[in-house]
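Remarks on the structure that follows.
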């Protein structure tokens, strides 16, 4: 009996001491981190379900984009290459970043992956955001070169590969490399967190400013400038086309329909880029501001009651940014929509079929085009041909080639190195009626002009 009483007293004493330890730990935690706003259970469930759906949609959609752009036989073009690496960057964000982000948001004071993962793997996560904005900027500049400076040499496939390599390298230098030296596991009685240990506040602020400039402000400025110039060109072409409608020579002819078709193709090159850029700017802005404010006022992480809620909202927006691009492609561009449908059905005919199209872009022209364009089995825009009609003389300019006669130009076009790029000409030389002005015909694949 005496032994039982002693055991009970010892148990009570240990339990009392355990309560004191728990209270002390809670007090320390409360001292370091004030009472933060807790998501209602229903809101948390809705958020997690939404994140899961966006994850599945984004992974499936970006995998389809990679499959479509890489399976175009003989059509690995400049635009497709940029889109492919944009999809790869989005997949990296969803497949690599997202699991870590979910753990950080659900268990903010507990890092379960160990010191090695914290110091070596975790710094590489943000490289995908740098590649993402770099590819979007490259796509915008590529569209700008094609539509505004269409008579000048374009970005070749080899140059595009070098640009992609530079994007990855710059992202590593400015994002990953600094974090490799400062990331470490912070172990305390009430917290086990993987976070950067900057030597001073100036280094943290400098890193935040450079990151915001290099991977948000400067790219969006470049994209905005190219967008304005492209819109100006398209608006001028529209005005010119409207002035042509008053001409009795062209009234009732097929010229107006063809001109409108060309203008529509050029507009689609901007339409598919516009929502991608707008969504990127809007979804990345809250996270950029959050990280910038945290760098200049670290106390806000301990004093602002809704900091956890703001962080979760930023994470949801980042997932939206990486998931919606395939949806944009399929909604705006009929070619991508058809390819998505074919690969989702995945039958023997549709999965292996080539649905590429050739589009013709016409700028600064007053000459009626009578060519019949074969819209099947297109080839990449490499070594493209340009025909200039000026003052009654038809010239062939291959950026570095010499002037040739009409017959040799047509023969050259028919015997192009890309056998898929065939142009069926309805008219002979004597049927072509010379007119003043300049005609520029460029044969491009669908993803190069009409969209991605």
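Residue numbers (our numbering): 9 to 460.
Just so you know, even glycine gets a beta-carbon here, dropped at the ideal spot from N, CA and C.
Nearest neighbour of residue 305 by Cα position, chosen from 291, 314, 213, 221, turns out to be 213. DSSP links residue 204 through a beta bridge to 191. Sequence-distant partners of residue 303 (beyond 5 residues in either direction) whose C-beta falls short of 7 Å from its own C-beta, in its chain, are 212, 213, 216. Between residue 122 and residue 183, the C-beta gap is not smaller than 7 Å, which leaves the two residues out of contact.
According to the DSSP assignment, residue 166 belongs to the alpha helix (DSSP H) that extends over 165-179. Taking 7 Å as the cut-off, the beta carbon of residue 63 is found closer than this to the beta carbon of residue 102. DSSP lists 199 as the bridge partner or partners of residue 196. The Cβ-Cβ distance between residue 331 and residue 110 does not fall below 7 Å. In this structure, DSSP gives residue 118 an extended state, which the three-state scheme calls strand. Residue 106 and residue 294 have their C-alpha atoms some 17 Å from each other. Boundaries cannot be given for residue 126, as no alpha helix (DSSP H) includes it and DSSP labels it neither H nor E. Per DSSP, residue 288 is one residue of the alpha helix (DSSP H) stretching across 281-304.
Using a Cβ distance threshold of 7 Å, residue 119 and residue 200 count as a contacting pair. Contact check between the segment 223-231 and the segment 141-156: three or more CB pairs, one atom from each, fall below 8 Å, which counts as touching.
Here residue 166 is exposed, its C-beta having fewer than 16 other C-beta atoms within 10 Å.
Within the same chain, Cβ atoms closer than 6 Å to the Cβ of residue 345 are found at 338, the five residues on either side in sequence being excluded. Rounded to whole angstroms, the Cβ separation of residue 89 and residue 185 is 26 Å, and the two are not in contact under 8 Å.
One thing to note: residue 92 has its Cβ no nearer than 7 Å to the Cβ of residue 70. About 14 Å separates the CB atoms of residue 157 and residue 86; that is not less than 8 Å, and the two are not in contact. Between residue 328 and residue 296, the CB-CB gap reaches or exceeds 7 Å.
In this structure, residue 153 sits near residue 162, with a CB-CB distance shorter than 7 Å.
Under the three-state reduction of DSSP, residue 314 is assigned to coil, being neither helix nor strand. Sequence-distant partners of residue 97 (beyond 5 residues in either direction) whose C-beta falls short of 7 Å from its own C-beta, in its chain, are 136, 139, 140, 143.
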